[in-house]
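Note that the numbering used here has the sequence shown beginning at 1, numbered continuously upward.
Ideal placement from N, C-alpha and C gives every residue a C-beta, glycine not left out.
All of these numbers come straight from a predicted model, not from anything done at the bench.
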Amino acid sequence: YEIAGAGAEDFAEDDMTEALHVWYNKMLCEGRARDIARAATGVGPHLDDLVLRVGGMSLRSYGSQGQQRTGALALKLAELFYLQENIGEAPILLLDDVMSELDADRRRALLDFIRHEHIQTFITATDAAYFPAERMGTYRYVEAGTVREN
Numbered sequence: 001y002e003i004a005g006a007g008a009e010d011f012a013e014d015d016m017t018e019a020l021h022v023w024y025n026k027m028l029c030e031g032r033a034r035d036i037a038r039a040a041t042g043v044g045p046h047l048d049d050l051v052l053r054v055g056g057m058s059l060r061s062y063g064s065q066g067q068q069r070t071g072a073l074a075l076k077l078a079e080l081f082y083l084q085e086n087i088g089e090a091p092i093l094l095l096d097d098v099m100s101e102l103d104a105d106r107r108r109a110l111l112d113f114i115r116h117e118h119i120q121t122f123i124t125a126t127d128a129a130y131f132p133a134e135r136m137g138t139y140r141y142v143e144a145g146t147v148r149e150n
């Protein structure tokens, strides 16, 4: 969450994390035969709603739009780090219109992070002003169905 530009806000990892890990493993093992027969997994995080908290407060209920977007971005960056650690190289980071929902400090922190970590990134945006004058790479513009490089 801090890398995604939120600074010192406390992004809490719930105390239930280990208990959920044990429970999921148990349920997956118990339901394995049923899941194979149905060709679908009946238990898992893909069926759950995630609860993200900052300072103990639910982002969904009490977070600003920027905090909610930063929470989602933090999950995406955590996934990037997980994949990098487990496959040995960083995957391509795809960010669709993320800049319009972040304040200037969070945008700057995100771009600084991408630049510092040398992550190949594709970002779509509706305003070129979100990006620094000292370009980070190749910029392409789509206007009236025409793609141009600038």
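Self-check item: Extent of the continuous alpha helix (DSSP H) run through Phe81
Solution: DSSP places Phe81 inside the alpha helix (DSSP H), whose first and last residues are Gln65 to Ile87.
Quiz item: Is any heavy atom of the ligand ZN found at a distance shorter than 7 angstroms from the C-beta of Phe113?
Solution: The ligand ZN is not part of the structure shown, which contains no ligands of any sort.
Quiz item: Are at least three pairs of beta-carbons, each pair with one atom in the stretch 82-93 and one in the stretch 59-74, less than 8 angstroms apart?
Solution: They do not touch, by the three-pair rule.
Quiz item: Can you name the start and end residues of the beta strand (DSSP E) that Tyr141 belongs to?
Solution: For Tyr141, the enclosing beta strand (DSSP E) has its first and last residue at Arg140 to Glu143.
Quiz item: From Glu18 to Arg140, what distance separates their C-alpha atoms?
Solution: Distance from the CA of Glu18 to the CA of Arg140, rounded to the nearest whole angstrom, comes to 45 angstroms.
Practice problem: For Leu59, I'd like the list of residues in its chain whose CB is within less than 6 angstroms of its CB, leaving aside the five on either flank, ordered along the chain. | Solution: Once the five neighbours on either side are set aside, the close Cβ partners of Leu59 are Leu52, Gln67, Gln68 and Gly71.
Quiz item: Any idea what DSSP makes of Asp35, helix, strand or coil?
Solution: It is helical.
Self-check item: Euclidean distance between Cα positions of Cys29 and Pro45
Solution: So the two alpha carbons sit approximately 15 angstroms from each other.
Quiz item: Taking the beta strand (DSSP E) that Thr17 falls in, what are its first and last residues?
Solution: Segment Thr17 to Glu30 is the alpha helix (DSSP H) holding Thr17; no beta strand (DSSP E) there.
Practice problem: State the Cα-Cα distance for the pair Asp96 and Ile123, rounded to the nearest angstrom. | Solution: Here the alpha carbons of Ile123 and Asp96 stand approximately 6 angstroms from one another.
Quiz item: Which two residues bound the contiguous alpha helix (DSSP H) that contains Glu117?
Solution: Judged by DSSP secondary structure, Glu117 falls within the alpha helix (DSSP H) whose first and last residues are Ala104 to Glu117.
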